[in-house]
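For reference, the structure discussed in these notes is given below.
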Amino acid sequence: MPLVNRPVVRVGICAMNKKAKSKAMREILTRLEKYGEFEIIIFGDECILQQPIEEWPIVDALISFFSDGFPLAKAQSYATLREPFVVNDLETQWDLLDRRVVYKTLQDNDIPVPPHIVVNRNDPVTRGVMPSHDAVREAPHFVEAEDYVENDGVRVSKPFVEKPANAENHNICIYYPHTVGGGYKALFRKIGNQASKYYPAPPPGDNNRPYSLVRRDQSFIYEDFMSTGGTDVKVYTVGPNYAHAEARKSPVVDGRVQRDANGKEERFPVLLTPDEKEIARRVCLAFGQMVCGFDLLRTKGRSYVCDVNGWSFVKNSTKYFDDAALCLRAMILQAVAPHHSKTIAAERAAAATTGEAEEAASLLGGDRDDVGTPGNNKKGEKHKGKKEELRAVLAVIRHGDRTPKQKMKMRVKDQPLLDLLARCTHGRARKQAKLKTPQRLQELLNICRELYATRLTEGPKKDDAEEGGRGREDWDEEVDQWKQVVSILQEGGHFSGINRKAQLKPLSWDPIPESERAPPGPDGKEGPSEKVTEALLILKFGGVLTHLGKNQAEFLGRDFRMRMYPGGNYYDHGNGIADGLLRLHSTYRHDLKIYSSDEGRVQITAAAFAKGLLDLETQDDQLTPILASLVNKDAKLLDFVTHEVEEDILHAKQKLYNIMTEGKGGSISRRPPGVPPESLKLLHMMVDLIQVLTRQLRDQCFEHANKKSVGSPGEATWVETLAALAPRGSRGLIDAHGPAGGESFLLMHARWKKLEQDIYHPRKNRFDISKVPDVYDMAKYDAIHNPHLNLDGLEELYRVSKCLAEGVVPNEYGTHPPSKLRIGGTIAHSLLVKLLQDMFTTREESGGQTRTSNDGAGVPDLAADGGAAKEESNDPRKEDEDDDLKALKEEEETELSTTRLNHRYANTVGVNSPHRHVRTRLYFTSESHIHSLLNVLRYCNLEVAQRIRMMEHGACTLEGVGDLDYLTHIVFRMYECFDVPATDPKRFRIEILLSTGVGLDPFKQDVIAEFKTAAENAKNKEAEAKKPKRGSIDGRETEYKLPVLKKSPIHNDRACVSAAEDKKGAAAGAAKEDGKETPLPAEYLTLNALETYLWKFRRKYRDGDARGSDPNAYQSQSEWSSPTKLASDGSAGVGGGNSVKASPAVKEKKEKKEKKEKKEKRKKADDSDSD
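In UniProt numbering, the protein residues as written are 1 to 1171.
Shown next as structure tokens:
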């Protein structure tokens, strides 16, 4: 209805009073009225519900939207009758009532949605008819299994999200796979401070399945669960060209609602990418809803729309209210009065609200006024009164306390087990089967129980060799093996979780006669031609994070927050430090990513650490939602793969064995650091002590033999009462007469007995020194968790095994610096690349200079193809580089999923320093990566004979670090110095810290009690720090007693010696002041220097070329040319392979020759006295 002579535009608000008169709605309508061009008419509930549409006010523009109780069909009839300009199309609002129609509309308009399936038990909504969402029929093609659901042949695996088709039903569930603990999380409308609740998987029983069943009372959508880093993003549009985004803490993590001082849920404005703005425009137009809201999922660099809500607006943002009023003004005037004198001015004002170029510039570091970056610093200016700010915290962390890792092998010929192998491998006789799922493990347990019962029933056969009978001794041994298998499989009561796995590996085969072979299948493939006659049953168990280990990780996470970040122990409460970590994280100025290896104990450590770091709440200590939402598994980055350096490791172990057992070259000059002088004597002593221990445990087995039968279920252990991810070992749950964690004396004796048999072979008079770390781990575990058993000789065994382990473990990764570099640089290669990439990205986001090495030569991008150094080549190592680039690409996709605060709106939500931003990357892994990374840091910039030194306030040298206990971590902190020009290499300072982990002596301290007390004290002090106080509080000054918190600074010599030596002549003799020497000014480690040291360890330096083939090539610093120089010389470059082409035949011949020379040179190097 165009405006002709009327001075104002009448705008009708046809919505329920609860919405039409809400605070946010009043803010927008008040602003519209102030323009003087509009008359606002609110219809009211009585008019809408009671009066006929003919009596409704006549308006020029209509704002009408559905909410509970609103007569949408009636409003639609009014719009047809009066034909006003309708801001939000009423016809398509019917579509918004059914999520199935919403998803279809999104897909039809090329708007990305999560991969999903739709399970229909009723018909989709029909426009004009209010839908009933009750199920009216079954879904015949719907299949539910433990770890997936399937409909019409399309499968969605757990974790997945279950959404009711009814868009007004907000009871959404997330179902988790057994690999992260199972169970489900229910999301619901906020009740107080809770928005979700986790329900663990049901306990096993005869009448229920060991996993949570999905709902079947209505139609549902099942979609992939997408990890968004614990953040929900809501986008609000006002017309197709304006979109405002806000982020909040996602309820999928811990369910606690984060509220501000006024009790409102905290939401913060965040930036949208250009792609996301295009998505907002399409959503707005696809549904005809000019003012609407939708939910956005950000994951792996992409964004998906998962819900559209119709009319929505921001609840508390003055800037948004201003923008929304401007956009609505222009929209309505353009529609009803296009020739109005103020229409053009209104359109221009509205267009100005959509410009966010300055936001993008400030996001990349272009606007730094708030942090006081000097604009006219002179290069080389002294760093007087240096002002710096933390930019990045990177940490590599070992997992927490665990149970001993164990493995059992048994040859089997029983047909039920061979049939199980055939089912798992689909008849492929040469393929091994890995049994990890609860169904397969339960099936294996049932078979083993039957076989064990059969052996007991049959009894021993007569010892008659001619008849092939078995003697009593063989029968006892076999029955004992079956007893152990059953005990291992049924330990804990059920198989949920990630703690056990079994393998069936075929050993021998017989051909299948042609007459008995299966006919060809539909695809024409022939059936199997052979069958398995014997297999090896392998059980891997143990290595489970204990209850203590989980608490240690959570405690370390809390302490890490309080020590590694300024003011990291509280939110902003006017304490003088407004940007503690929790405050930064809650306002989206903290970019956090957590990576973990594939091992269960490492994943749970990461989840527990995250709980302490972010002050998360969980129900009954359940970590499953945190693990699924925040922890990214990256096996290539953090799992231990040895095939590239297997030969080096075996060589190091053999050399170590010779030194420790045969005395060959056992002099002090040849003995690797840490190896005790009388190793052989200590090895014999250790074996004797193990035998003493196994005899005691054997007696305990006989004493407790009749108390509980292995083949029958007993009372539930405490492991069953906890979550699927329940760790073992807790002092409060120990049986006073039995081992901790529900372990039986039989299994405890079996693990020590197996270790006794493996570590020493009397007939061969040979030790297996690779088992020394296992002895130490097992002794430490029993000392911590089973002190109540009072085992004689355990303390002495602990001391002896620790002494030997401190010599064996570090030297398994190389016995001298060149081999340590080869092995460490290979194992930690991907991790080193990722750490450098993290620092480079931080520098670029901070507006730093282009990457350059110290000699001024440019260094190619980490993920680049390597330029001339990576021309076409037949070098097989090129595949390794391609794999690296592919892995980097996947990691970059994860890195791109970052939500950043929108600086334009920062002041409206109480953020005074919006440009302050910290990047945190946490890498949880096992001991191998810690040793490898430490070896690279130790030797990367030093000649072989030179010892590394610590900073002046360091407690010890890296040579004497000793045992790297549980929760050992290496931390890199990156600071930006504002008193240094942006182009100066010294702009970014790197600080490297090392903590050797827990390090408590279990015979001098009660480890469990110590951590319990320390955790309680830390929690109390943190609660005190959160209270408003006058003055500033630095959480890093809090005193703690546990060694796990002691972090020693590492300072590589090459980072400071060169500068110090230049000043040495001028400062000779050191000036005397007040009778004391004045030390030389300490230089700090810069990012450019660190890059130069670490970048040498691409694979090309470790195998295949002259430098990688010859260990002596590392003995001279002059051999270590810069990566750029190597690339220009045609050698291995930063990006990858050798640029010299060769035919495959020549290449193969050359590689064989180099391999042979490599072995000879390494042998000479190891036998020489120089190492």
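Ideal placement from N, C-alpha and C gives every residue a C-beta, glycine not left out.
Could you tell me which whole alpha helix (DSSP H) segments of length 4 or greater appear in the stretch 817-843?
When DSSP assignments are scanned along the stretch 817-843, the uninterrupted stretches of alpha helix (DSSP H) that are 4 or more residues long and fall wholly within it turn out to be 817-827.
Quick one: what does DSSP say residue 51 is sitting in, helix, strand or coil?
DSSP places residue 51 in coil when its eight states are reduced to three.
Exposed or buried, what is residue 195 when buried is set at 16 or more other beta-carbons lying within 10 Å of its beta-carbon?
Classification of residue 195: buried, given that the 10 Å Cβ count is 16 or more.
What is the rounded straight-line gap between the Cα of residue 822 and the Cα of residue 645?
One C-alpha to the other measures close to 8 Å.
Have a look at residue 1036 and residue 1084 and give me their C-alpha separation to the nearest angstrom.
Any answer about residue 1036 is weak, because its pLDDT of 39 lies below 50 and its placement is not dependable; what the coordinates show is given next. Taken atom to atom, the span from the alpha-carbon of residue 1036 to that of residue 1084 is near 21 Å.
Can you check whether the CB of residue 967 is closer than 8 Å to the CB of residue 552?
Going by C-beta atoms, residue 552 is nearer than 8 Å to residue 967.
Could you give the DSSP three-state label for residue 508: helix, strand or coil?
Under the three-state reduction of DSSP, residue 508 is assigned to strand.
Am I right that residue 230 and residue 250 are in contact with their C-beta atoms under 8 Å? What's the rounded C-beta distance?
Indeed, because the Cβ distance is near 5 Å, the residues count as touching under 8 Å.
Assess, as a yes-or-no matter, whether the stretch 528-538 is touched by the stretch 985-1004 under the definition of 3 or more beta carbon pairs within less than 8 Å.
Result no; under three Cβ-Cβ pairs closer than 8 Å.
My output table needs one value for residue 410: the three-state DSSP class, helix, strand or coil.
Correct three-state label for residue 410: strand.
CB of residue 451 within 8 Å of CB of residue 414, strictly:
Cβ distance < 8 Å, so residue 451 and residue 414 count as in contact.
Assuming residue 88 contacts residue 44 under a Cβ cut-off of 8 Å, what Cβ separation, rounded to an integer in Å, is found between them?
Distance from residue 88 to residue 44 at the Cβ level is roughly 19 Å; contact not present, criterion being Cβ atoms closer than 8 Å.
With DSSP collapsed to three states, give me the class of residue 180.
Of the three classes helix, strand and coil, the one that applies to residue 180 here is helix, per DSSP.
Inter-residue Cα distance where the pair is residue 983 and residue 311
Residue 983 and residue 311 have their C-alpha atoms some 49 Å from each other.
Residue 236 and residue 293 - do their beta-carbons sit closer together than 8 Å?
Yes; because the gap between Cβ atoms is below 8 Å, this pair is in contact.
Could you give the distance in angstroms between the alpha-carbon of residue 784 and the alpha-carbon of residue 1006?
Approximately 7 Å between the Cα atoms of the pair.
The beta strand (DSSP E) enclosing residue 993, as first and last residue numbers:
988-995 is the span of the beta strand (DSSP E), which, as asked, contains residue 993.
Quick check: the Cα distance between residue 975 and residue 390, rounded to an integer number of angstroms?
About 4 Å.
To the nearest whole angstrom, what separates the beta carbons of residue 631 and residue 652, a pair I think is in contact under 8 Å?
Not confirmed; about 33 Å, so no contact.
Residue 924 in three-state terms, based on DSSP
Strand.
Span of the alpha helix (DSSP H), counted from its first residue to its last, around residue 612
First-last of the alpha helix (DSSP H) with residue 612: 600-613.
Among the candidates 791, 805, 608, 61, whose CA atom is the shortest distance from the CA of residue 11?
Residue 61 is the option with its Cα nearest to residue 11.
Sub-8 Å separation of residue 103 and residue 113 beta-carbons
The answer is yes: Cβ separation under 8 Å.
Under 8 Å: do the stretch 30-42 and the stretch 324-333 share three or more Cβ pairs, one atom per stretch?
Taking 8 Å as the limit for Cβ pairs, the verdict is that the stretch 324-333 does touch the stretch 30-42.
Inter-residue spacing [alpha-carbon to alpha-carbon] between residue 138 and residue 155:
Rounded to the nearest whole angstrom, the C-alpha separation of residue 138 and residue 155 is 18 Å.
Going by other Cβ atoms of all chains shown within 10 Å of its Cβ, with 16 needed for buried, is residue 403 buried or exposed?
Buried, since its Cβ has 16 or more Cβ neighbours within 10 Å.
Between the C-alpha atoms of residue 342 and residue 33, what's the straight-line distance to the nearest angstrom?
Put simply, the backbone Cα of residue 342 is about 14 Å away from that of residue 33.
Hey, quick one: how far does the alpha helix (DSSP H) through residue 1172 stretch, first residue to last?
In the structure displayed, the chain extends from 1 to 1171; residue 1172 sits before or after that span and is not available.
CB-CB under 8 Å to residue 199, same chain, minus the five flanking residues each way: which ones, in chain order?
Closer than 8 Å at Cβ, skipping near neighbours: 183, 184, 185, 186, 212.
Identity of the residues DSSP links to residue 78 by a beta bridge:
In the DSSP output, where bridge partners are listed per residue, residue 78 has none listed.
Looking at C-alpha atoms only, which residue of 209, 300, 287 is the closest neighbour of residue 225?
Per the Cα distances, 300.
Please classify residue 1020: does DSSP put it in a helix, a strand, or coil?
Note: residue 1020 maps to helix in three-state DSSP.
Pull up the DSSP beta-bridge partners for residue 98, would you.
Looking at the DSSP assignment, residue 98 forms a beta bridge with 166.
Cα-Cα separation, residue 839 to residue 1087:
Their backbone Cα atoms lie some 8 Å apart in a straight line.
Among 68, 490, 815, which one has its Cα closest to the Cα of residue 443?
Nearest to residue 443 by alpha-carbon distance, out of 68, 490, 815, is 490.
Using DSSP with H/G/I as helix, E/B as strand and the rest coil, what is residue 525?
Three-state DSSP puts residue 525 in coil, outside helix and strand.
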